[in-house]
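**Student:**
Residue numbers (this note's numbering), protein chains in the order written: chain A, 1 to 351; chain B, 352 to 667.
1) Quick one, which residues of the region 128 to 140 of chain A are near chain B if we go by CB-CB under 8 Å, in chain order?
2) Measuring alpha carbon to alpha carbon, tell me which residue in 238(A), 102(A), 290(A), 236(A) is nearest residue 250(A).
3) Find the residues of chain A that neighbour residue 473(B), judging by a C-beta separation of less than 7 Å, and give them in chain order.
4) Below 8 Å CB to CB, which residues in the same chain sit around residue 419(B) once its five sequence neighbours on both sides are set aside?
5) Report the option in 135(A), 263(A), 218(A), 76(A) whose CA atom is closest to the CA atom of residue 157(A).
6) Within 9 Å (strictly less), CB to CB, does residue 23(A) reach chain B?
7) Among 291(A), 167(A), 282(A), 191(A), which has the Cα closest to the Cα of residue 178(A)?
8) Taking 9 Å as the threshold (C-beta atoms), are residue 491(B) and residue 498(B) in contact?
9) Please list the partners that residue 476(B) has in chain A, where partner means a Cβ-to-Cβ separation under 8 Å.
10) To the nearest angstrom, report how far apart residue 340(A) and residue 450(B) are at their CA atoms.
11) Cα separation between residue 587(B) and residue 405(B)?
12) If I measure Cβ to Cβ from residue 609(B) and keep anything under 8 Å in the same chain, skipping five residues before and after, which residues do I get?
13) Whole-angstrom Cβ separation of residue 171(A) and residue 49(A), contact assumed at under 8 Å?
14) Answer with buried or exposed for residue 345(B), where buried requires no fewer than 16 other C-beta atoms within 10 angstroms of its C-beta.
15) Does residue 615(B) come within less than 9 Å of chain A when only Cβ atoms are used?
16) For residue 185(A) and residue 442(B), I'd like the C-alpha separation in whole angstroms.
17) Distance check for residue 429(B) and residue 327(A), CA to CA, integer angstroms please.
18) Starting from residue 500(B), follow the beta strand (DSSP E) in both directions and report where the run begins and ends.
19) Do you know whose CA, among 162(A), 94(A), 227(A), 214(A), lies nearest residue 246(A)'s CA?
20) Starting from residue 466(B), trace the alpha helix (DSSP H) in both directions and tell me its first and last residue.
21) Please identify the residue among 627(B), 626(B), 593(B) whose C-alpha is closest to the C-alpha of residue 616(B).
22) What in chain B is Cβ-close to residue 119(A), meaning under 7 Å?
23) To the nearest angstrom, how far is it from the Cα of residue 324(A) to the Cα of residue 554(B)?
24) Rounded to whole angstroms, what's the CA-CA distance from residue 24(A) to residue 80(A)? Just pull it up for me.
25) Of all the CB atoms in chain A, is at least one closer than 9 Å to the CB of residue 585(B)?
26) Using 8 Å for Cβ pairs, my map puts residue 468(B) next to residue 319(A). What's the rounded Cβ distance?
27) Let me know if residue 266(A) comes out buried or exposed under the rule of 16 or more other beta-carbons within 10 Å of its beta-carbon.
28) Residue 583(B) and residue 416(B) look like a contact to me (Cβ under 8 Å); what is the Cβ gap, rounded to whole Å?
29) Closer than 8 Å, Cβ to Cβ, to anything on chain B: give me those residues from the region 245 to 256 of chain A, in chain order.
30) Residues bridged to residue 140(A) by DSSP?
31) Taking 9 Å as the threshold (C-beta atoms), are residue 470(B) and residue 409(B) in contact?
32) So with Cβ pairs under 9 Å, would you call residue 264(A) a contact of chain B?
33) By how many angstroms is the C-alpha of residue 331(A) removed from the C-alpha of residue 427(B)?
34) Name the one or two DSSP bridge partners that residue 581(B) has.
35) Tell me whether residue 46(A) is buried or exposed, calling it buried when 16 or more other Cβ atoms sit within 10 Å of its Cβ.
36) Tell me residue 504(B)'s beta-bridge partners as DSSP assigns them.
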């Protein structure tokens, strides 16, 4: 398949789709890749050293939650922004991760790390099963099928109380330990979670600029043409769905072992919508934007406690306004605006 | 019923079985009427704009809640409170149309979907502030005294629900088949460009579909609130059930929407009566995933279904 792909790209003239499918050795896609990598190299150490400069404090707790939700948002950004598939099931996979790992831990007494790995395997199998059938659908139909899955998981968590603790949830979940070193405080967890997030971000950045990433984008633009160019559309869609869902379930497992408690709210539809809002703010195709969106929403939730009862109204209004004025996301909108500004300035300078 | 037949356990068993079935059928008919009204509303908007309106359930909630406020609390007469409630819901519906439907602007499917989700959150969030987050009901139209039928206690309100829904469906059928405006709406549903070439004002048809859809939703809310109660946050789940019913019936088909609504309510009612209430919650969603996968055109589906790889699926 790869050979066929190469052959076509060599012989055909330049079009956007073909550009997306081109193999890595071309120099066309090198430039944006370097910028993102540079930013990553600069930002990662500054985030990791932040607490050493600022000291301990409540903000570390907030930062930890930003990190956990960032993982979910990164996963959805890959699926929605690069694959073009709107799934409303990320809260369900978050809940699968957040419940399976503690259940393995508490019932079978396995080490938390083993439990986390096992639960990712289970989540991946679930995502494969769901994705293989549901991804035949597109647009609205896909959204509703995944939404139904989310509701089924939500009901199961509430009703199977012998397994999940029902409405009371599961408590006294053991924290993660690395060879006798317990990750049981905000401070310790900070370094672990942010390293994980930055690694997952790097993986995402590399992925979207690889051949596979270009195939995902080609699928988003036009599935038929992507398959004409030799990409096995179905296989790639399912792969992307599994990857995206495992991001969510991994975040769920880390969440459960961090706050040592899970309740059915972890898998609510509201959470799935919140993550979509985050992506809408950050811009569908900006992985950094997804993280900034999470930071924005989490800090908003944290410091506008007075407005907590207006949360639904504000979220609703924010979703509508974002989509009306920035259909590609707020950050992407600003980026486009800046580019147009620069271009018009250049034009003005030339004449 | 358990007190009566202590000495005839077998007869009592048979008897309570029949009672259970009668009661389940009436519960299913009244809940199904509501689903059918919601599903028809979903269909109307889908036919004219290709948008699936996630805020459809909020129309139901608004209809119920405004009557609770006007009739239940402010003691307006019912014949005044009901038209007022429908009018308020229709105004909200038209406002929604102005936001969600913007021809000429290239908004993607995902943006429109997110806009209607946002509208749903906004309306239900605002409703919590206008009223509160509690569960409400208002007294039924003709009292609370149950009617006895085959030893089952039937709430008189369920007869109102079934009767008025039947009337609404009949009126809609007449409207779509015998009036020029109704025929124009059907033409728009089949082919918008073609309809506008024939001089039909598509924009007016869209306005009409949102108006009718909001009115249908509020009627559903007004009818069932005395039976099933309502709360400011109950709309989303209802909308999901409504468009699941519309999809089961075949997206875009009004008759299909009614059939789909009743199939879901019967499945729910009978699984709750004879199996468990957990299954009742699950059955809709398990059915809808299977319908989407194996019968994507639904029962009465249109000839062309956008967004489905059906041909490919059939070829496998």
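Every residue, glycine too, gets a C-beta built ideally from N, C-alpha and C.
**Tutor:** Walking through what the data contain:
1) Listed by position along the chain: 133, 134, 136, 137, 138, 139, 140.
2) The candidate whose alpha carbon is nearest that of residue 250(A) is 102(A).
3) Here the neighbours are 313, 316, 317, 320.
4) If you ignore the 5 residues before and after residue 419(B), its C-beta comes within less than 8 Å of the C-beta of 482, 487, 488, 489, 576, 581, all in its own chain and listed in chain order.
5) When only C-alpha atoms are compared, the closest one is 263(A).
6) In this prediction, residue 23(A) scores a pLDDT of 46, lower than 50, which makes its location untrustworthy; the coordinate-derived value is nonetheless stated afterwards. Under the Cβ criterion of 9 Å, residue 23(A) is not counted among the residues facing chain B.
7) Nearest to residue 178(A) by C-alpha distance, out of 291(A), 167(A), 282(A), 191(A), is 191(A).
8) With contacts defined by Cβ atoms closer than 9 Å, residue 498(B) and residue 491(B) do not form a contacting pair.
9) Result: 310, 311, 312, 313, 314, 315, 316.
10) Rounded to whole angstroms, residue 340(A) to residue 450(B) spans 27 Å at the Cα level.
11) Roughly 7 Å separates the two Cα atoms.
12) Correct list, in chain order: 387, 390, 391, 520, 600.
13) The beta-carbon distance between residue 171(A) and residue 49(A), rounded to whole angstroms, is 34 Å. This is too long to meet the 8 Å contact definition.
14) Examination of residue 345(B) is not possible in this model, given that chain B is present from 352 through 667 alone.
15) Not an interface residue.
16) For residue 185(A) and residue 442(B), the distance between alpha carbons rounds to 53 Å.
17) Going by the C-alpha atoms only, they are around 44 Å apart.
18) DSSP places residue 500(B) in the uninterrupted beta strand (DSSP E) bounded by 498 to 500.
19) For the options 162(A), 94(A), 227(A), 214(A), the alpha carbon positioned closest to that of residue 246(A) is the one of 94(A).
20) For residue 466(B), the uninterrupted alpha helix (DSSP H) run begins and ends at 460 to 481, by DSSP.
21) Measuring from the Cα of residue 616(B), the nearest candidate turns out to be 593(B).
22) Neighbours of residue 119(A) on chain B: none; closest Cβ ~23 Å, over 7 Å.
23) One C-alpha to the other measures close to 19 Å.
24) Confidence at residue 24(A) is low in this model, with a pLDDT of 44, below 50, so the placement of that residue should be treated as unreliable; the coordinate-derived value is given next. Taking the straight line joining both Cα atoms gives about 23 Å.
25) Using a CB distance cut-off of 9 Å, residue 585(B) does not count as an interface residue toward chain A.
26) With a contact defined as Cβ atoms closer than 8 Å, residue 468(B) and residue 319(A) qualify at about 6 Å.
27) So residue 266(A) ends up on the buried side.
28) Your pair residue 583(B) and residue 416(B) checks out as a contact, with CB atoms roughly 7 Å apart and the cut at 8 Å.
29) Going along the region 245 to 256 of chain A in chain order, one finds no residue with a Cβ nearer than 8 Å to chain B.
30) Under DSSP, residue 140(A) shares a beta bridge with no residue.
31) In terms of Cβ geometry, residue 409(B) and residue 470(B) form a close pair [threshold 9 Å].
32) Not a single CB atom of chain B sits nearer than 9 Å to the CB of residue 264(A).
33) If I take the Cα positions, the gap works out to 50 Å.
34) Answer is 487(B), bridged to residue 581(B).
35) Residue 46(A) is exposed by the Cβ-count criterion.
36) Residue 504(B) is bridged to 499(B).
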